[in-house]
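Have a look at the structure below, then the notes.
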Amino acid sequence: MNNKKEISSDNKLVLPGDKIAVIEEFVPDETCFEKNGEIYSRVIGHILTDRKKHKISVIPKKQHHSIKNGAIGLGRVEFAKKQIASVNIFHLNHEEIPIPVSAVLHVSEASRRFVKSMYEVARPGDWVRFRIIREKKPIYISFIGDGLGVVTAYCIQCGHELNYKRPNLLECPNCDLIQARITSKNYGKPFR
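Shown next as structure tokens:
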């Protein structure tokens, strides 16, 4: 008879990137990731194992933030197409989210003025401040509002961080390429 507990919790605190198991023993959930046969934590928290189901997870130290309409967030653009962009949310109302949540920015919510394409709004890798306008999945966000828009951007040609030139126009200090973005009045200060 096996005396091992089927479900157990470890009181040891793990950090993102800490190795917590191997793939031969457990199947990771969304709080973990597997690389080269080893399982690592994505979040800060405590390990929870289910030996019967061979599953492992990390209980986040902070509970997931509930996404509410009107919340102000900070996130990174993952991809952009002509009409939409996908943004991973990392902070809501100045608090870090343990597991990033994906949201959608439609070109119609990028500015009060007409914008033809998302390529004038934001590019992959850019950090943006936004407001939640739809809390149910798929989550929708908007740049319309005071202090919202791109807060940090990178050159599409050479990858350097762009300098603010004037509203909605940025310049690369390395290759001098001028690029359009819908910029926040707090460009260069993401947490303000």
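Using the numbering used here, read the sequence shown as starting at 57 and increasing by one per residue. Idealized CB from N, CA, C, for every residue including glycine. Here the structure is a predicted model, which is why all the values come from computation and not from measurement.
Check                                                                                                                                                                          : Outcome
Which residues does DSSP pair with residue 226 in a beta bridge?                                                                                                               : 220 and 235
Pick from 68, 162 and 139: whose alpha carbon is nearest that of residue 187?                                                                                                  : 162
Do you know offhand how far residue 112's Cα is from residue 155's?                                                                                                            : 16 Å
Evaluate residue 97 with the Cβ neighbour count: other Cβ atoms within 10 Å of its Cβ, from every protein chain shown; 16 or more gives buried, anything less gives exposed.   : buried
Starting from residue 105, follow the beta strand (DSSP E) in both directions and report where the run begins and ends.                                                        : 101-106
Taking 8 Å as the cut-off, decide whether the C-beta atoms of residue 76 and residue 100 are in contact.                                                                       : no
Buried or exposed: residue 231, going by 16 or more other Cβ atoms within 10 Å of its Cβ?                                                                                      : exposed
From the DSSP secondary-structure annotation, give me the bridge partner or partners of residue 135.                                                                           : 142
How should residue 88 be labelled, buried or exposed, when 16 other C-beta atoms within 10 angstroms of its C-beta is the threshold for buried?                                : buried
Suppose you measure from the CA of residue 170 to the CA of residue 137; what does that come to, to the nearest Å?                                                             : 17 Å
Can you list, in chain order, the residues of its chain with a C-beta nearer than 8 Å to that of residue 110? Leave out the 5 residues immediately preceding and following it. : 81, 82 and 83
Please report the straight-line C-alpha distance between residue 106 and residue 93, rounded to a whole angstrom.                                                              : 19 Å
Cα separation between residue 132 and residue 104?                                                                                                                             : 29 Å
Buried or exposed for residue 135, please, with buried defined as at least 16 other CB atoms from any protein chain shown within 10 angstroms of its CB.                       : exposed
Can you give me the Cβ contacts of residue 224 inside the same chain, cut-off strictly under 7 Å, excluding the 5 residues immediately before and after it?                    : 236, 237, 238 and 239
Quick one, are the C-beta atoms of residue 181 and residue 220 less than 8 Å apart?                                                                                            : no
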